[in-house]
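**Student:** Pasting a structure here, questions to come.
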Amino acid sequence: MAGRFTARRVTTPDMAAIDEPPPSALEGIAWTVFPDASPEPPPSAPAASAAAPAPAAPPPSGNPLLTEKLLDAKVRLHRRLIEEINLSALEKLPEDEIRRHVQQLVSQYVLVERLALNAQELAEFVSEILDEMTGLGPLEPLLKDPTISDILINGHECVYVERGGVLEPLSVRFKDEQHLLRIINKIVSAVGRRVDESHPLCDARLLDGSRVNVAVRPIGVDGPLVSIRKFSKKKLDLSKLVEVNALRPQMAEVLAAAVRARISTIISGGTGSGKTTMLNALSAFISEKERLLTIEDAAELQLQQPHVGRMETRPPNIEGKGEIRQRDLVKNALRMRPDRIILGECRGEEAFDMLQAMNTGHEGSMATIHANTPRDAITRLEQMIGMAGLPMTVASIRGQIANAVQLVVQLSRQSDGKRKVTSIAEVTGLEGDIIQMQEIFKYVRTGTKPDGTVEGHFQATGVRPRFLAHLVTQGIKIPGSYFDPSQPL
Ligand SMILES: Nc1ncnc2c1ncn2[C@@H]1O[C@H](COP(=O)(O)OP(=O)(O)OP(=O)(O)O)[C@@H](O)[C@H]1O
Ligand SMILES: [Mg+2]
Numbered sequence: 196m197a198g199r200f201t202a203r204r205v206t207t208p209d210m211a212a213i214d215e216p217p218p219s220a221l222e223g224i225a226w227t228v229f230p231d232a233s234p235e236p237p238p239s240a241p242a243a244s245a246a247a248p249a250p251a252a253p254p255p256s257g258n259p260l261l262t263e264k265l266l267d268a269k270v271r272l273h274r275r276l277i278e279e280i281n282l283s284a285l286e287k288l289p290e291d292e293i294r295r296h297v298q299q300l301v302s303q304y305v306l307v308e309r310l311a312l313n314a315q316e317l318a319e320f321v322s323e324i325l326d327e328m329t330g331l332g333p334l335e336p337l338l339k340d341p342t343i344s345d346i347l348i349n350g351h352e353c354v355y356v357e358r359g360g361v362l363e364p365l366s367v368r369f370k371d372e373q374h375l376l377r378i379i380n381k382i383v384s385a386v387g388r389r390v391d392e393s394h395p396l397c398d399a400r401l402l403d404g405s406r407v408n409v410a411v412r413p414i415g416v417d418g419p420l421v422s423i424r425k426f427s428k429k430k431l432d433l434s435k436l437v438e439v440n441a442l443r444p445q446m447a448e449v450l451a452a453a454v455r456a457r458i459s460t461i462i463s464g465g466t467g468s469g470k471t472t473m474l475n476a477l478s479a480f481i482s483e484k485e486r487l488l489t490i491e492d493a494a495e496l497q498l499q500q501p502h503v504g505r506m507e508t509r510p511p512n513i514e515g516k517g518e519i520r521q522r523d524l525v526k527n528a529l530r531m532r533p534d535r536i537i538l539g540e541c542r543g544e545e546a547f548d549m550l551q552a553m554n555t556g557h558e559g560s561m562a563t564i565h566a567n568t569p570r571d572a573i574t575r576l577e578q579m580i581g582m583a584g585l586p587m588t589v590a591s592i593r594g595q596i597a598n599a600v601q602l603v604v605q606l607s608r609q610s611d612g613k614r615k616v617t618s619i620a621e622v623t624g625l626e627g628d629i630i631q632m633q634e635i636f637k638y639v640r641t642g643t644k645p646d647g648t649v650e651g652h653f654q655a656t657g658v659r660p661r662f663l664a665h666l667v668t669q670g671i672k673i674p675g676s677y678f679d680p681s682q683p684l
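Under my numbering, the first residue of the sequence shown is numbered 196, with each subsequent residue one higher.
Structure below.
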């Protein structure tokens, strides 16, 4: 990849008509761009002819712009730009200067290519070229659009985005698979990786904190698959979640009190159901005096406390060495004198160490889990510990879970795209070898409006949580009416 980190000049036959580049990034580059149809000058063409001004071909009037032609032109121009320009020098220039230079080059190119562009289209073309050069090409506008939360690419011709919890297809596409692969490698090179057939899977993170997963051929059967969870700039704190009716104020108050009183909590939900968002929102209620350690694959959490140590796992390098897993980090965290450990997502062998931590003085630790109900979340934990291959009986695994986890917050994304806290359940202990749980609040779905909007309401189940007694010892009082099912929430 002729990435933004390298500065090189490649002389290919169709580049032969280009003059020697000046020492600075763009200064003095004068290009003659040969349209597809015109014969290429021979490689030995004298350099002088290259500097000749572009023939002033008037754009054919009334000729409708073909997206295909534009896309093609952009990619070709971009290739020439990255091959010719000293990009590392370019990056040091102020943005308006780069823009001015690119504008000149593009105007010249547009003239030669006979592309009929008006002023606005020309400006768009310039910014798309700039996006290609210094950013992530067709992805840039999507990354800048604050209404988009996820970008999902299934091969170079198929892009979906999620807006307001609903997926929609876009007409955005890449020129070809190579174009998409080039952008993918630009993303993953930032984390020192490369994807190709021998390393087809990769997790990465964009500069703004967005999370990226890539799967290319042969794993991606029809071409590269890219999934981007955009870093959300608008923060959804607990009061905001109440505002958007993800839960009721009474439920929020109980959750905030539980976090303050160091009740160990698991946040459970499906993909994109808002687990990380909820974990972030709840973490705001942890005392500023506590030392927190966060462990994630890609750091997404934004804890507001002053005393936070953030750790990220590391995948193995190209030789398959140097991997640092969540389990290593949880173990290590225990040597770092944390008051609480916040595990971005518990999904394997680290579950055991996390429960150990919760049982040994790190109460109030939190983690998220992929599961569909609170009971399911507990079962998943059990399976994860089972997978760690420790010589433990089912009864002792369950005992460990029942001692460690006190609260499960269940989230789900409804069919209309809205995220809701569908259940808050308490783990009350072990009877025989069955983990006892009781639901405190739930969301009751009552129907669906003709436009697809889900109808329903939140409800207390009538169960008073056992941890209320613990809250009282911490000086936190919750009105009993919150748990009365006859009182509307
Ligand atoms: N209650 C909500 N209302 C509207 N948008 C929300 C809500 N909760 C979360 N979101 C948005 O939904 C997207 C997914 O949220 P989040 O990253 O928290 O999900 P997740 O369950 O952690 O996903 P994953 O399983 O991929 O880790 C984010 O863009 C977030 O801003
Ligand atoms: Mg998440």
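Glycine included, C-beta positions come from ideal geometry on N, C-alpha and C. As the structure is a prediction and not an experimental result, all values here were calculated from the model.
So Thr617 and Gln605 are in contact, right, with Cβ under 8 Å, and what is the actual spacing, rounded?
**Tutor:** 5 Å
**Student:** For my contact list, Ala476 and Arg406 are in at a C-beta cut-off of 8 Å; report their separation, rounded to the angstrom.
**Tutor:** Wrong, their Cβ atoms sit about 18 Å apart, outside the cutoff.
**Student:** Just confirm the distance between the C-beta atoms of Ala655 and Ile635, as a whole number of angstroms; I'd bet it's less than 8 Å.
**Tutor:** 7 Å
**Student:** Helix, strand or coil for Pro444, going by three-state DSSP, please let me know.
**Tutor:** In the structure shown, Pro444 sits in a helix (DSSP, three-state: H, G or I).
**Student:** For the region 501-567, list the alpha helix (DSSP H) runs that are entirely contained and at least 4 residues long, ordered along the chain.
**Tutor:** 521-528 and 545-554
**Student:** Regarding Lys428 and ligand 1, is the C-beta to nearest heavy atom distance less than 7 Å?
**Tutor:** no
**Student:** Sort Ala451, Ile414, Lys435 and Arg542 by Cα distance to Gly464 and report the nearest one.
**Tutor:** Nearest option by C-alpha distance: Arg542.
**Student:** Which residues, in chain order, sit with a beta-carbon under 7 Å away from any heavy atom of ligand 2?
**Tutor:** Lys470, Thr471, Glu495, Gly539, Glu540 and Thr563
**Student:** Does the region 453-462 come close enough to the region 548-561 that 3 or more CB-CB pairs lie under 8 Å?
**Tutor:** Yes, since at least three Cβ pairs between the region 548-561 and the region 453-462 fall closer than 8 Å, the two stretches touch.
**Student:** Do Gly556 and Thr489 have their C-beta atoms within less than 8 Å of each other?
**Tutor:** no
**Student:** Could you please give the first and the last residue of the uninterrupted alpha helix (DSSP H) stretch that includes Arg295?
**Tutor:** Its alpha helix (DSSP H) spans residues Glu290 to Val307.
**Student:** Express the C-alpha separation of Asp679 and Asp611 in angstroms, rounding to a whole number.
**Tutor:** 29 Å
**Student:** Looking only at its chain, what residues have a beta carbon closer than 8 Å to the beta carbon of Arg455, apart from the 5 residues adjacent to it on each side?
**Tutor:** Phe480, Ile481, Ser482, Gln669 and Ile671
**Student:** Does the beta-carbon distance from Gln601 to Phe662 come in below 8 Å?
**Tutor:** It is a contact, given that the beta carbons lie within the stated cut-off.
**Student:** Can you give me the Cβ contacts of Ile630 inside the same chain, cut-off strictly under 7 Å, excluding the 5 residues immediately before and after it?
**Tutor:** Its chain contains Ile573, Arg593, Ile596, Ala597 and Val622 as the residues whose beta carbon lies nearer than 7 Å to that of Ile630, once the 5 sequence neighbours on both sides are disregarded; these appear in chain order.
**Student:** Since His394 sits in a beta bridge, which residues does DSSP pair it with?
**Tutor:** Asp391
**Student:** What are the partner residues of Thr489, as DSSP defines its beta bridges?
**Tutor:** Arg505 and Ile537
**Student:** What distance in whole Å lies between the Cβ atoms of Pro419 and Leu365, which are believed to be in contact at a cut-off of 8 Å?
**Tutor:** Not really, about 16 Å apart at Cβ, beyond 8 Å.
**Student:** In three-state terms, what does DSSP make of Val354?
**Tutor:** In the structure shown, Val354 sits in a strand (DSSP, three-state: E or B).
**Student:** What's the gap between the Cα of Ile423 and the Cα of Ile513?
**Tutor:** 23 Å
**Student:** Would you check if there are 3 or more beta carbon pairs closer than 8 Å linking the region 303-310 to the region 349-358?
**Tutor:** Not touching, per the Cβ criterion.
**Student:** In three-state terms, what does DSSP make of Asp214?
**Tutor:** In this prediction, Asp214 has a pLDDT of 34, which is less than 50 and means its spatial position is unreliable; nothing more can be read from the coordinates.
**Student:** Report, in whole angstroms, the separation of the C-beta atoms of Leu331 and Ile378, which I expect to be a contact under 8 Å.
**Tutor:** 5 Å
**Student:** Only counting runs of 4 or more residues, tell me where the alpha helix (DSSP H) segments fall wholly within the region 305-331, in order along the chain.
**Tutor:** 314-329
**Student:** So, using beta-carbon positions, are Thr466 and His394 closer together than 8 Å?
**Tutor:** no
**Student:** With a CB to CB cut of under 6 Å and the five nearest residues on each side skipped, what residues in its chain are close to Asp534?
**Tutor:** Glu485 and Arg486
**Student:** Measuring alpha carbon to alpha carbon, tell me which of Pro336, Ile673 and Lys526 ends up nearest Glu319.
**Tutor:** Distances from the alpha-carbon of Glu319 to those of Pro336, Ile673 and Lys526 put Pro336 closest.
**Student:** Give me the Cβ distance between Ala599 and Met553, rounded to the nearest whole Å; I'm assuming they're in contact under 8 Å.
**Tutor:** 4 Å
**Student:** Does Ile461 come out as helix, strand or coil in the three-state DSSP assignment?
**Tutor:** strand
**Student:** Is Phe662 helix, strand or coil by DSSP?
**Tutor:** helix
**Student:** For Asn408, write down the residues that DSSP places opposite it in a beta bridge.
**Tutor:** In the DSSP output, where bridge partners are listed per residue, Asn408 has Asp398 and Ser422.
**Student:** Does the beta carbon of Val361 fall short of 7 Å from some heavy atom of ligand 1?
**Tutor:** no
**Student:** What are the start and end residues of the alpha helix (DSSP H) that includes Gly657?
**Tutor:** Here Gly657 belongs to no alpha helix (DSSP H), and DSSP marks it neither H nor E.
**Student:** Quick check on the burial criterion: 16 or more other C-beta atoms within 10 angstroms. Buried or exposed for Ala314?
**Tutor:** exposed
**Student:** Return the Cβ separation of Lys159 and Ser322 in integer angstroms, given the expectation that the two are a contact with Cβ distance under 8 Å.
**Tutor:** A question about residue 159 goes unanswered here, because the residues of the chain that appear run from 196 up to 684.
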